[in-house]
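Below you'll find the structure, written out as structure tokens, and then a few comments.
2 protein chains.
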Amino acid sequence: MAAGRDESVDTIQRELTAFARRARATAARLHPELSLVSYTLLAHIDAQQGCRATDLAAHYLLDKSTVSRQVATLEKLGLVERRPDPADHRVQVLHPTEAGTRALSSTQASRRAAYQERLADWSTEDLDRFAAYLIRYNGSA
Amino acid sequence: MAAGRDESVDTIQRELTAFARRARATAARLHPELSLVSYTLLAHIDAQQGCRATDLAAHYLLDKSTVSRQVATLEKLGLVERRPDPADHRVQVLHPTEAGTRALSSTQASRRAAYQERLADWSTEDLDRFAAYLIRYNGSA
DNA sequence: TCCTTACCGTTGTACTATACAACTGAATGT
DNA sequence: ACATTCAGTTGTATAGTACAACGGTAAGGA
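This is how it looks when you write it as structure tokens:
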């Protein structure tokens, strides 16, 4: 341990990137019924209690056309519904459907179980600090 | 802070996943000349001082056909060369070319600068601990 | 009020990344 | 020797993504 500053930053870069590159395959193995892409969009819609396509694009750094198509897919699958915003007719407020909520719950259960297992031998303090670091890192965009 | 165990695990899952979903776009902005995919493969080849396609597939959880095509692209770009393994004629040992090393250096410089800036106000201790957590997490696959 | 500008979303198009299956060729182990 | 396992390629299909052009709605002046 006790690495230099630069070395730590390089490690953080390398490990975060490696994780990112494995995320798709990991998700596919964990929950084949909902791809990582669908999962993340649905999860954000749910967590926000309804959000716009533009919000999704901003949150995940995606083009709005990409989000438009992904949302269309989710709608076709019956997982998401669009509600008109009475205050602004340009906006569609996205909400999970009943089926969407169920799919999300099941997927999150798989993911939660996998993470729980993988982090089983971590102390509560380490988990808490790791979570805080991640929030701090992601928050500094 | 002082969240419960389950809450911390959920946070870790959520934040890591959000990072993963943003990684592609972030990389494209940071270094348009080398996509995240090319970068990661080249970086691993370089870090290992020569490795096989199979090793790349295992490290990033990719199908060997995917790696085969990516390596072909890197070779066509003149960034990677294949050397026969004298001990096993099935194996091609991959190495960065001179141009590959240069491209990697330049890309890593961009990335390093971005991460340095983003982590500028972190204490050395926090960086060290965050790096250690990431290694521990990724190592527990 | 009208016009310009900004914003939200869709569609056309093209390309990249990926997986799975079938295959070739080379090593390994009965 | 023969079956099996291993490394890599190729055919094929699909998902995810960006960019550009567009239509419709809202907002802010002149």
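Residue numbers (my numbering), protein chains in the order written: chain A, 233 to 373; chain B, 233 to 373. The C-beta atom is built at its ideal place from N, Cα and C for all residues, glycine as well. Keep in mind the model is a prediction, meaning the values are calculated, not measured.
Original post:
With distances taken from CA atoms, which of A:E239, A:A289 and A:A363 is nearest R254 (chain B)?
Top reply: A:A289
Original post:
Is I367 (chain B) close to chain A, meaning its C-beta is less than 9 Å from at least one C-beta of that chain?
Top reply: yes
Original post:
Near A304 (chain B), which residues of its chain fall below 7 Å by C-beta distance, leaving aside the five closest residues on each side in sequence?
Top reply: none
Subject >> Contacts that E265 (chain A) makes with chain B (C-beta to C-beta distance below 9 Å) >> reply: Those within 9 Å of E265 (chain A) in chain B number zero; the least Cβ separation is about 17 Å.
**OP:** For the beta strand (DSSP E) holding E313 (chain B), just list the boundary residues, first then last.
**Re:** Per DSSP, the unbroken beta strand (DSSP E) holding E313 (chain B) starts and ends at V312 to P316.
Subject >> In chain order, each beta strand (DSSP E) run of at least 3 residues that lies wholly inside the segment 285–366 of chain A >> reply: For the beta strand (DSSP E) assignment, the uninterrupted runs of no fewer than 3 residues enclosed by the segment 285–366 of chain A are, from N- to C-terminal side, 312–316 and 324–328.
**OP:** Measuring only between beta-carbons, confirm whether I277 (chain B) sits less than 9 Å from chain A.
**Re:** Judged by the 9 Å Cβ criterion, I277 (chain B) is not in contact with chain A.
**OP:** Using a Cβ cut-off of 9 Å (strictly closer), state whether V241 (chain B) contacts chain A.
**Re:** yes
Subject >> Nearest residue (CA-CA) to A279 (chain A), options A:L326, A:S267 and A:R344 >> reply: A:L326
Original post:
In chain A, which residues lie with their C-beta within 8 Å of the C-beta of L359 (chain B)?
Top reply: R237, S240, V241 and I244
Subject >> 7 Å Cβ cut-off: residues of chain A touching T258 (chain B) >> reply: L293
Original post:
Considering only residues of the same chain and omitting the five flanking positions on each side of L306 (chain A), which have a CB-CB separation below 8 Å?
Top reply: S270, L273, L274, V312 and G332
**OP:** Determine whether the Cβ of E247 (chain B) lies closer than 9 Å to any Cβ atom of chain A.
**Re:** yes
**OP:** Answer yes or no: does any C-beta atom of chain B fall closer than 9 Å to that of A341 (chain A)?
**Re:** no
Original post:
Around the Cβ of H196 (chain A), are there at least 16 other Cβ atoms within 10 angstroms (buried) or fewer (exposed)?
Top reply: Residue numbering for chain A in the displayed model covers 233 to 373; residue 196 (chain A) lies beyond these limits and cannot be assessed.
**OP:** Label R246 (chain A) either buried or exposed according to how many other C-beta atoms from any shown protein chain fall within 10 Å of its C-beta, with 16 as the threshold for buried.
**Re:** buried
Original post:
So Q245 (chain A) is in the alpha helix (DSSP H); what residue range does that whole segment cover?
Top reply: R237 to L262
Original post:
If we cut at 9 Å on Cβ distances, does S372 (chain B) have a partner in chain A?
Top reply: yes
Original post:
Mind listing which residues of the segment 312–342 of chain A have their C-beta closer than 8 Å to chain B's C-betas, in chain order?
Top reply: none
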